[in-house]
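J.: Heads up, the sequence shown is in UniProt numbering, so the first residue is 1 and it goes up one at a time. Backbone N, C-alpha and C fix where the C-beta goes; we use that ideal spot for every residue, glycine too. To start, I am sharing the structure in question, which I have written as structure tokens.
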Amino acid sequence: MRKETDYAVMWISDGIFYLTFKPVPDLNLKIAKMIVADRLLYQHEKVYPMIWDLRKIHHISDDAMAFFASEGTAMLKVLAIVVHTPYEHYLGEIFIQFHHPQIPTKLCFTKHEALSFIVDDR
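Pasting the structure below:
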């Protein structure tokens with residue numbers, strides 16, 4: 001079953017939590033907190049590996065990145081971030097290098113690469 005919110009689409013398949021962001025002109029701390037709160041409700045207190053799809057992120061605030069890297073990793077085991085463009089790769093690098101997520105995190109260029117990373121880390 002998929003859950004759609006104002007800012008993201010999320011679903012669980014084969015024990016992996018998927019989150020795809022909707023187009024948001026400016027993903028700020030307030031929106032980041034809403035996304036994580038919705039995710040935690042949907043997870044029903046179960047820990048999952050996660051695949052994020054960043055394709056529709058145009059701008060994300062530093063506060064939002066810091067939140068996703070700390071409190072935003074609650075109930076997650078590992079995070080694979082799928083990027084498609086140089087800009088998304090740049091955002092992902094900032095997230096990993098400067099905000100140091102509290103769980104193993106990797107930038108991936110394909111869903112297959114993301115799944116391999118998650119399976120290896122299970």
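List the DSSP bridge partners of VAL9.
T.: GLU4, THR20, per the DSSP bridge assignment.
J.: Use the C-beta contact count for ALA32: other C-beta atoms within 10 angstroms, 16 or more gives buried, fewer gives exposed.
T.: Per the 10 Å Cβ criterion, buried.
J.: Kindly list the residues whose CB is nearer than 6 Å to the CB of GLU88, restricted to its own chain and excluding five residues on each side of it in sequence; keep chain order.
T.: Here the set comprises LEU54.
J.: Hey, out of GLN43, ALA8, ASP38, ILE60, whose CA is closest to ASP26's CA?
T.: Nearest of GLN43, ALA8, ASP38, ILE60 to ASP26, Cα basis: ILE60.
J.: Less than 8 Å separating the beta-carbons of VAL9 and THR20?
T.: Yes, the pair counts as a contact, with Cβ atoms nearer than the cut-off.
J.: Check the C-beta distance from TYR42 over to GLY15 and give it rounded, since I have them as a contact under 8 Å.
T.: Actually they do not touch by this definition, with Cβ atoms about 14 Å apart.
J.: How close, in whole Å, do the beta carbons of HIS99 and ALA66 come, if the pair is a contact with beta carbons under 8 Å?
T.: At roughly 5 Å, the Cβ-Cβ gap stays under 8 Å, so HIS99 and ALA66 are in contact.
J.: What separation, rounded to the nearest whole angstrom, lies between the Cα atoms of THR85 and LEU107?
T.: Using only the alpha carbons, I get a separation of about 12 Å.
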